[in-house]
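Since the structure comes first, as structure tokens, the remarks are kept for the end.
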Amino acid sequence: MIVVKRNTAAAMLLFWGTTLAGCSATPIKPPAPQSVFQQTSEMAQKAALDAMVVNGFAITKAEPLYVEGYRLRTHGWHCSSGGETAGIWLEQTGPAQTRVWISTATSSFGRKCQKDWTGEILAEMGKVLGK
303 MIVVKRNTAA AMLLFWGTTL AGCSATPIKP PAPQSVFQQT SEMAQKAALD AMVVNGFAIT
363 KAEPLYVEGY RLRTHGWHCS SGGETAGIWL EQTGPAQTRV WISTATSSFG RKCQKDWTGE
423 ILAEMGKVLG K
């Protein structure tokens, strides 16, 4: 009886672990920055947080030089699992100059319904930072 319960528990853990792992992914920093803003990294980080929220992302990490957010996908029942995860990397290169990298990670489930949010996030940061 105990062996059956352990096997069932192990099978459930394996099932849910692989299912949930497929619902989200980690953004990967692109090789080249998408933009350079004439602002400090602190100002760019505030703009990154704002841009994520404006575009419907819930902030999951807010470090001085990295911001990450998760956006639940809402395209109907055929694309309901998972969502998009976006990451924004910042690097201050001068007293008032910050390079920005943005990446949207796609999960293994529902990729046809996922979107690259780089353009929208960058545009919103530009509004806030005056570019």
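Just so you know, we're using the working numbering here: the sequence shown kicks off at 303 and counts up by one. For every residue, glycine included, the Cβ atom is placed at its ideal position computed from N, Cα and C. For clarity, every value in this text was computed on a predicted model and none was experimentally measured.
Nearest-angstrom beta carbon gap, residue j and residue i [assumed within contact, 8 Å]
i	j	result
Glu393	Leu367	7 Å
Ala346	Thr400	4 Å
Residue i in three-state terms, based on DSSP
i	result
Thr420	helix
Ala425	helix
Residue range of the beta strand (DSSP E) that includes residue i
i	result
Gln394	Gly385 to Gly396
Ile330	Neither: Ile330 is in no beta strand (DSSP E) and is coded neither H nor E.
Gln341	Premise fails: Gln341 is in no beta strand (DSSP E) and is neither H nor E.
Thr400	Gln399 to Ala407
Alpha-carbon spacing of residue i relative to residue j, whole angstroms
i	j	result
Glu370	Gly396	24 Å
Ile361	Glu386	12 Å
Trp403	Lys331	7 Å
Ala327	Ala425	23 Å
Gln336	Lys417	17 Å
Met359	Tyr372	With the sequence shown as reference, residue 359 is identified as Phe, and Met is not the correct amino acid for it. Near 5 Å, if we compare the C-alpha coordinates of Tyr372 and Phe359.
Gln341	Trp419	22 Å
Ala349	Pro329	19 Å
Val355	Phe339	20 Å
Ala398	Ser343	8 Å
Ala407	Gly428	22 Å
Ala388	Ser405	6 Å
- Message: Quick check on the DSSP output: what are the complete beta strand (DSSP E) runs of length 3 or more inside the stretch 345-370, in order along the chain?
- Response: 360-365
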